[in-house]
Amino acid sequence: MGYYDQHMHTHFSPDSAESFENYLEQTEGLLVTTEHLDFHDAYNGGADTVLDYAAYSEKIDALNAIHDGRIRRGIEVGYTPESHAQIMSYLEGKTFDVILLSVHQNGRYDYLQPIIDEMDPKAVMREYFGLCTEAVHKLDGANVFSHFDYGIRRLPVTLVDLREFEPHLKQLLNAILAKEMALELNTRSMYEYQNADLYRYLIGLYIEMGGTRFSIGSDAHSIHKYRYHFDDAIALLREFGVTGLTQFKDRIAYIEPI
Ligand SMILES: [Zn+2]
Ligand SMILES: [Zn+2]
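When we follow UniProt numbering, the leftmost residue of the sequence shown carries the number 1, and every step to the right adds one.
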């Protein structure tokens, strides 16, 4: 079983306190962590959330020297159009095995903040899916599109609601296909936020459009969510006839069978 959890955070992300050492104890295989990069982070009072790349690399190099090189480097880029230039300049000259692309906020608030509850859900969906498509179009070099439902986690969105946005979702998936990115099954979204039926629908749409690249990530911020509901997500992919996951080393895609 060579596939691993392709979305995890350690204390190198401000919303996690977990250590590499604890994750290493969970498996004898490979690990990757995907730490946050969110400029003007609404969730962080508007401050920049910037991965300390030097410290991150140093820690991984030190652990890899005694753990057979089991740790890979990753980053989760939270995109806003306003931060495009800062993101590009941050990534310049840095080495990652995988770059996740996410939309967490619209430049004013994060989609998990309570202000969302007072808004018209359809207006939020329109804005959020538009920002997702723009992010994929504009940010070159990302490998995985993460948690497509992040912007609607707080909303009471049903499958019927989501289907109304099929044209928007097709635009997003077209952009993902054009960039040869993988589509993430975010297992906390699916089984903690209970959006598995929304994922099932999106997976079907993506496959119908020719999509083949899937990534599974728990979005763990502690070992308690490491490989969260992986068996369920894999069973779902198998139902669709999917036989492998797309993983990245040095940002080159390869398939691990499931
Ligand atoms: Zn995220
Ligand atoms: Zn994350």
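For each residue, glycine too, the CB sits at the ideal point set by N, CA and C. What you are looking at is a predicted structure, and each value in this text was computed from that prediction instead of being measured.
Nearest-angstrom Cα separation, counted from residue j out to residue i
i    : j    : result
P14  : A85  : 22 Å
Y4   : E166 : 30 Å
G2   : P257 : 8 Å
R154 : Y128 : 13 Å
A135 : G241 : 29 Å
A54  : R227 : 27 Å
E192 : K59  : 31 Å
C132 : D219 : 18 Å
D250 : A142 : 12 Å
L245 : Y254 : 8 Å
Counterpart residues of residue i in DSSP-defined beta bridges
i    : result
I75  : E35 and I99
E184 : S215
Q105 : D110
P121 : BP columns for P121 are empty, so no partner.
Y193 : Beta-bridge pairing links Y193 to no other residue.
V144 : L100 and A182
Boundaries (first-last residue) of the alpha helix (DSSP H) holding residue i
i    : result
Q26  : Q26 -> no alpha helix (DSSP H), and no H or E assigned at all.
I207 : A196 to E208
A65  : Y53 to I66
H221 : Unbroken run through H221: none, as it is neither H nor E.
Delimiting residues of the beta strand (DSSP E) encompassing residue i
i    : result
T246 : G244 to K249
Y254 : I252 to P257
Presumed contact (8 Å Cβ cut-off) between residue i and residue j, rounded CB distance
i    : j    : result
M190 : Y201 : Their Cβ separation, rounded to whole angstroms, is 12 Å, which puts M190 and Y201 out of contact at 8 Å.
Review point. Counting pairs of Cβ atoms below 8 Å between the region 149-166 and the region 102-120, do you hit three or more?
Key: yes
Review point. So does the region 58-66 actually touch the region 86-100, counting three or more Cβ pairs closer than 8 Å?
Key: no
Check your understanding: Are the region 175-184 and the region 201-212 touching by the rule of at least three beta carbon pairs closer than 8 Å?
Key -> yes
Exercise for review: Decide yes or no for the touch test of the region 11-28 against the region 36-48: beta carbon pairs closer than 8 Å, at least 3 of them.
Suggested key: yes
Exercise for review: Indicate whether the contact test is met: 3 or more Cβ pairs, each with one atom in the region 119-133 and one in the region 23-37, closer than 8 Å.
Suggested key: no
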